[in-house]
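Numbering (my numbering), first residue to last: 1454 to 1735.
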């Protein structure tokens, strides 16, 4: 789906460029890993900028034959408190749990071939793969082997949203407030469900949650107050999660596509889009 000459540019620097229209990101990562001829597979994303010594630093731990995977750090190109917080949380997840991200990751091909691959996951295929690979050997996280990348706005608010929801749920349980309990449980529960279940319908899950909210709202007189507030909170949490993880993400992708298109008009809608691009640093 690239519209910014990525295949053409990649061909100048790569020996092999694989193009498979209709393949998902996970399927393309699997294809690339299986096609690679070396003993170590290194992955990154098209929107990342890496220092000249990045690969050299990233593969150093493989001098130990027991190391199966290595992850590197991220530094935001669009630096602000939220993007910096995202990178800090990412560093904790990688350093503590060995959950590496495809934008800065390396693993042995032998370990990959023994794993179920990327496409086995419902979501977060890079986390899933690194978790499977760590069962085959050691993993290492290197801060010095970093790449720089744009942190999309929806990514910037993922960790704060999850942390806030967990806190609200805990507070709700302590003070017996069903709305707060439901809000936190709905948000965190949605995060968990996206790892367990792959939604294939064209219906947006935020729209489904919004429809359920309307039904519950008008059913208030048929449900006791505690249950009604708990259900309402759960649905609001579900709605909020999918707005952040899907709707906002899709809107940002649409704005990126608009940015690279030529011959923009000067309508009010175009002015709004350009303002959002500047505001969100897209």
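Virtual Cβ for every residue (Gly too), placed ideally from N, Cα, C.
Note to self: I'd like the list of long-range same chain contacts for residue 1494, defined as Cβ closer than 7 Å, with 5 residues on each side in sequence excluded.
What the structure shows: On the chain shown, position 41 is the one that residue 1494 refers to. Excluding positions up to five away in sequence, the list reads 1486, 1559, 1560, 1562, 1565.
Notebook entry, point to check: From residue 1510 to residue 1550, what distance separates their C-alpha atoms?
Noted result: Here residue 1510 refers to the residue found at position 57 of the chain shown. Here residue 1550 refers to the residue found at position 97 of the chain shown. Computed Cα separation, rounded: 21 Å.
Next item on the list: Kindly indicate the opening and closing residues of the alpha helix (DSSP H) around residue 1565.
Entry: Counting from 1 along the chain shown, the entry for residue 1565 is found at position 112. Residue 1565 -> alpha helix (DSSP H) spans 1562-1567.
Checklist line | Contact under 9 Å by Cβ, residue 1696 with residue 1659 | finding: Residue 1696 sits at position 243 when you count from the first residue of the chain shown. Residue 1659 sits at position 206 when you count from the first residue of the chain shown. The answer is yes: Cβ separation under 9 Å.
Notebook entry, point to check: What are the residues that DSSP puts in a beta bridge with residue 1496?
Noted result: By 1-based counting over the chain shown, the position of residue 1496 is 43. Per DSSP, 1558.
Check: Given residue 1632, which residues of its chain have a CB within under 6 Å of its CB, disregarding the five upstream and five downstream residues?
Finding: As a first step, residue 1632 must be located in the chain shown, where it is residue number 179. Same-chain partners within the cutoff: 1682, 1686.
Margin query: Would residue 1583 and residue 1524 qualify as a contact pair, given that the criterion is a beta-carbon distance under 9 Å?
Written below: Sequence index remark: in the chain shown, residue 1583 carries index 130 (1-based). Sequence index remark: in the chain shown, residue 1524 carries index 71 (1-based). The answer is yes: Cβ separation under 9 Å.
Notebook entry, point to check: Which ranges would you report for the alpha helix (DSSP H) in the segment 1573-1654 if only whole runs of at least 4 residues count?
Noted result: Contiguous alpha helix (DSSP H) elements confined to the segment 1573-1654 occur at 1578-1586, 1606-1609, 1611-1628, 1631-1649, taking only those with 4 or more residues.
Item checked: Nonlocal neighbours in the same chain, by C-beta distance under 8 Å from residue 1473, ignoring five residues either side -> Working through the chain shown from its first residue, we reach residue 1473 at position 20. Hits under 8 Å: 1480, 1481, 1484.
Next item on the list: Report buried or exposed for residue 1625, applying the criterion of at least 16 other Cβ atoms within 10 angstroms of its Cβ.
Entry: Counting from one through the chain shown, the residue named residue 1625 turns up at place 172. Under this definition residue 1625 is a buried residue.
Notebook entry, point to check: Excluding the five sequence neighbours on either side, which residues of its own chain have a C-beta within less than 7 Å of the C-beta of residue 1608, listed in chain order?
Noted result: Against the chain shown, residue 1608 aligns to sequence position 155. Excluding positions up to five away in sequence, the list reads 1539.
Notebook entry, point to check: Taking all protein chains shown into account, do 16 or more other C-beta atoms lie within 10 angstroms of the C-beta of residue 1731, making it buried, or fewer, making it exposed?
Noted result: As a working mapping, residue 1731 is identified with position 278 in the chain shown. Classification for residue 1731: exposed.
Notebook entry, point to check: Apart from the five residues on each side of it in sequence, which residues of its chain come closer than 7 Å, Cβ to Cβ, to residue 1612?
Noted result: Translated into the one-based positions of the chain shown, residue 1612 becomes position 159. 1538, 1539, 1542.
Check: Are residue 1557 and residue 1459 touching if we call contact CB-CB under 9 Å?
Finding: Taking the chain shown and counting its residues from 1, the one referred to as residue 1557 is at position 104. Taking the chain shown and counting its residues from 1, the one referred to as residue 1459 is at position 6. Contact flag unset, no.
Next item on the list: Report the residue from 1588, 1680, 1591 whose alpha carbon sits nearest the alpha carbon of residue 1636.
Entry: As a working mapping, residue 1636 is identified with position 183 in the chain shown. The shortest C-alpha separation from residue 1636 is found at 1680.
Checklist line | Delimiting residues of the alpha helix (DSSP H) encompassing residue 1731 | finding: Looking up residue 1731 in the chain shown gives position 278. 1721-1732 is the extent of the alpha helix (DSSP H) around residue 1731.
Next item on the list: Find the nearest neighbour of residue 1534 within the set 1700, 1604, 1488, judged by alpha-carbon distance.
Entry: The residue you call residue 1534 lines up with position 81 of the chain shown. The alpha carbon of residue 1534 has as its nearest neighbour, out of 1700, 1604, 1488, the alpha carbon of 1604.
Margin query: So, with DSSP's three-state summary, where would you put residue 1502?
Written below: Here residue 1502 refers to the residue found at position 49 when the chain shown is read from its first residue. In the structure shown, residue 1502 sits in a strand (DSSP, three-state: E or B).
Notebook entry, point to check: Sorted by chain position, which residues of the same chain lie with C-beta nearer than 6 Å to residue 1519's C-beta, five sequence neighbours on each side aside?
Noted result: As a first step, residue 1519 must be located in the chain shown, where it is residue number 66. Excluding sequence neighbours, residue 1519 sits near 1590, 1591.
Notebook entry, point to check: Which residues in the same chain have their Cβ closer than 8 Å to the Cβ of residue 1489, if we skip the five residues on either side of it in sequence?
Noted result: Mapped onto the chain shown, residue 1489 falls at position 36. Answer for residue 1489: 1562, listed in chain order.
Note to self: Could you tell me the alpha carbon to alpha carbon distance between residue 1690 and residue 1701, rounded to whole angstroms?
What the structure shows: In the chain shown, the residue the question calls residue 1690 occupies position 237. In the chain shown, the residue the question calls residue 1701 occupies position 248. Looking at the two C-alpha atoms, the distance is approximately 15 Å.
Note to self: Beta-carbon within less than 8 Å of residue 1666's beta-carbon, same chain only, minus the 5 sequence neighbours each way: which residues are those?
What the structure shows: By 1-based counting over the chain shown, the position of residue 1666 is 213. Around residue 1666: 1685, 1688, 1689, 1692.
Check: Cα-Cα, which of 1578, 1640, 1516 is closest to residue 1477?
Finding: Residue mapping note: residue 1477 aligns to position 24 of the chain shown, counting from 1. Residue 1578 is the option with its Cα nearest to residue 1477.
Next item on the list: Tell me whether the beta-carbon of residue 1601 lies closer than 9 Å to the beta-carbon of residue 1673.
Entry: The residue given as residue 1601 occupies position 148 in the chain shown. The residue given as residue 1673 occupies position 220 in the chain shown. Result no, Cβ atoms of residue 1601 and residue 1673 do not sit closer than 9 Å.
Notebook entry, point to check: How about residue 1547 and residue 1526: are their beta carbons less than 9 Å apart?
Noted result: Numbered from its first residue, the chain shown carries residue 1547 at position 94. Numbered from its first residue, the chain shown carries residue 1526 at position 73. Yes.
Note to self: On the CB-based measure, 16 or more other CB atoms within 10 Å of its CB, does residue 1503 come out buried or exposed?
What the structure shows: Counted from its first residue, the chain shown places residue 1503 at position 50. Classification of residue 1503: buried, given that the 10 Å Cβ count is 16 or more.
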